[in-house]
Amino acid sequence: MNSESPANNSAPDDETLALAHALFDAAREGNSAVLGSYLAAGVPATLTNAAGDSLLMLAAYHGHAGTVRLILDHGGDANVPNDRGQTPLAGAVFKGYTDVARELLAAGADPDAGTPSARAAAQMFARTDILDLLD
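Per the working numbering: the sequence shown ends with 1131, consecutive numbering throughout.
The structure is reproduced here in structure tokens:
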């Protein structure tokens, strides 16, 4: 007998998918008001999309330090890579977002995690201001 219920085997419904897409968009856009409401209501800060990008990864990669802090404050993990092995810190370094890098480092982000690591990205793109933070 299968111990899994049918609900556990089904794909999310259209309404759930639409909400998830709206949350990923809010993270990309730095819309902390919308995202904060849902996080406060219990949406997991560790939510990921089909590519493994977390809310934190999307906010970091798009340079939204305040939204990064919000997600971290609600349980986001600064060291979880996406499906390509990229971490939020490496994304912020790649894009040159020093303020986002500071937030992630303050939350314990490992500059040597991921592929490429944040340290390697900083060296590759001559982000000396961020390299100084990593040492």
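Ideal placement from N, C-alpha and C gives every residue a C-beta, glycine not left out.
Local Cβ density within 10 Å of residue i, reported as buried at 16 or more and exposed below that
i: Ala1122; result: exposed
i: Gly1110; result: buried
i: Asp1049; result: buried
Where the alpha helix (DSSP H) containing residue i begins and where it ends
i: Phe1020; result: Asp1010 to Glu1025
i: Val1096; result: Thr1094 to Ala1102
i: Gly1032; result: Ser1028 to Ala1036
i: Ala1116; result: Ala1114 to Met1120
i: Thr1042; result: Element bounds for Thr1042: n/a, residue is neither H nor E.
i: Thr1124; result: Thr1124 to Leu1130
Neighbourhood of residue i by C-beta distance below 6 Å, restricted to the same chain and skipping five residues each side
i: Phe1090; result: Ala1117
i: Ser1028; result: Gly1062, Thr1063 and Leu1066
i: Asp1095; result: Ala1061
i: His1058; result: Arg1024
Neighbourhood of residue i by C-beta distance below 7 Å, restricted to the same chain and skipping five residues each side
i: Tyr1034; result: Leu1019
Within the segment 1045–1091, ranges of the beta strand (DSSP E) (whole runs, at least 3 residues): none
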